[in-house]
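K.L.:
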Amino acid sequence: MGFHRSVTTIGLFTLLSRLLGFVRDLLTATLLGAGPIADAFVVAQRLPYAFRAFFAEGAIDTSFVPVYATKLHQEGPAKAELFARQIFTLIILVLVPFTVLSIIFMPHIVTLLAPGFKHDGERFPLAVMYTRITFSYLILISITALQGTLLNAHGKFSPGALAQIALNIVMIVGLLLAWGLGLDIGRTGCWAMIAGGIVQLVMLYIFCRRQKIFPLHFTSSLWSKDVKRFLRLLGPGIAVTSSLQIYVVLSTILASTLPAGAVSALYY
0 MGFHRSVTTI GLFTLLSRLL GFVRDLLTAT LLGAGPIADA FVVAQRLPYA FRAFFAEGAI
60 DTSFVPVYAT KLHQEGPAKA ELFARQIFTL IILVLVPFTV LSIIFMPHIV TLLAPGFKHD
120 GERFPLAVMY TRITFSYLIL ISITALQGTL LNAHGKFSPG ALAQIALNIV MIVGLLLAWG
180 LGLDIGRTGC WAMIAGGIVQ LVMLYIFCRR QKIFPLHFTS SLWSKDVKRF LRLLGPGIAV
240 TSSLQIYVVL STILASTLPA GAVSALYY
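Going by numbering that gives the first Met the number 0, the sequence shown opens with residue 0, and the numbers climb by one from there.
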């Protein structure tokens, strides 16, 4: 795919993703309004996204691609694939216990990141319940981000944008189903987020398999000079990509101390 065609394709997919995200938020605002349920739902989406900055997307892009590309062009596909498997194994070894512990101690995490909810008998239990559902999205999006980065390194840029479109579509469908069937809209929206994450992961896995670049396999050969270089590059990557999330977390902390509806109103 030529440069101009690539830019046009990615731009159109990104625009479509943003438009669908806007529709998703309009639907959320219409169905939930600005109140305790909406506040809890917003926090449940924000927490995994906040940690996502540390484990996925920009941080992985800036630290993984230089090492992977060097190995691919200098040492061949086999060595590059081994490095990719090492990083995949490392992500799973870190994120699975981190996610399990976070779900167990979610009341403390919600208290830390939305302290105004602590003494709110409605928002606090809802936020804990919803975030326990959505927090597993962190694992899904981290693996998806790694696959998207691999595809980018091989010149395949559109699948990553398509994955974001898929998430928005699944969440829109989930919210509409909850409304039509009379289900708990907040809880259903949280499960729709997990379903969307699964769809994203599977989509990119299929793209990767077609390109024969990254079967999701573990490796026992975990520690190497390449992994050490990846970890050294990871710090600056996290510092750059986490700045926006730090602002979002701080704004959530402050908004949580205001009356019910403030968090969702600020989000809208």
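Beta carbons: idealized from backbone N, C-alpha and C, even for Gly. Small disclaimer: the values here were computed from a predicted structure and weren't measured.
So, under 8 Å CB-CB, I212 and A113 are touching, yes? Tell me the CB distance rounded to an integer number of Å.
P.N.:
40 Å between Cβ atoms; not a contact.
K.L.:
Note down, one range per segment and in chain order, each alpha helix (DSSP H) of at least 4 residues found wholly within the segment 94–134.
P.N.:
You should have 105–112 and 122–133.
K.L.:
Is the segment 220–236 touching the segment 174–182 in the sense that three or more CB pairs, one from each, lie closer than 8 Å?
P.N.:
Contact fails: fewer than three Cβ-Cβ distances are below 8 Å.
K.L.:
Hey, how far is the Cα of Y136 from the Cα of G147?
P.N.:
The straight-line gap from Cα to Cα measures roughly 16 Å.
K.L.:
Going by DSSP in three states, K155 sits in which element: helix, strand or coil?
P.N.:
Note: K155 maps to coil in three-state DSSP.
K.L.:
Out of Q163, F50, S62 and T61, which has the shortest C-alpha to C-alpha gap to G10?
P.N.:
It is Q163.
K.L.:
Go ahead and label P35 buried or exposed: buried means 16 or more other beta carbons lie within 10 angstroms of its beta carbon, across all protein chains shown.
P.N.:
Under this definition P35 is a buried residue.
K.L.:
For R17 and H107, I'd like the C-alpha separation in whole angstroms.
P.N.:
Near 33 Å, if we compare the C-alpha coordinates of H107 and R17.
K.L.:
Confirm, please, whether the CB-CB distance from I142 to I193 is below 8 Å.
P.N.:
Their beta carbons are not under 8 Å apart, which means I193 does not touch I142 by this criterion.
K.L.:
Nearest by alpha-carbon distance to R45: which of G181, K155, G260 and I245 is it?
P.N.:
Cα-wise, what sits closest to R45 is I245.
K.L.:
Give the secondary structure of F217 by DSSP, where H, G and I count as helix, E and B as strand, and everything else as coil.
P.N.:
Residue state, collapsed to three classes: coil.
K.L.:
Would you call the segment 12–26 in contact with the segment 92–106, where contact means no fewer than 3 C-beta pairs closer than 8 Å?
P.N.:
Output reads no: the segment 92–106 does not touch the segment 12–26.
K.L.:
Where does R258 sit, in a helix, a strand or coil, going by DSSP?
P.N.:
For the record, residue 258 in the displayed sequence is Pro; it is not Arg. Looking at P258 - three-state DSSP - the assignment turns out to be coil, as it is neither helix nor strand.
K.L.:
Could you work out which residue in T187, F63, K155 and I205 is closest to T8 when comparing CA atoms only?
P.N.:
Cα-wise, what sits closest to T8 is K155.
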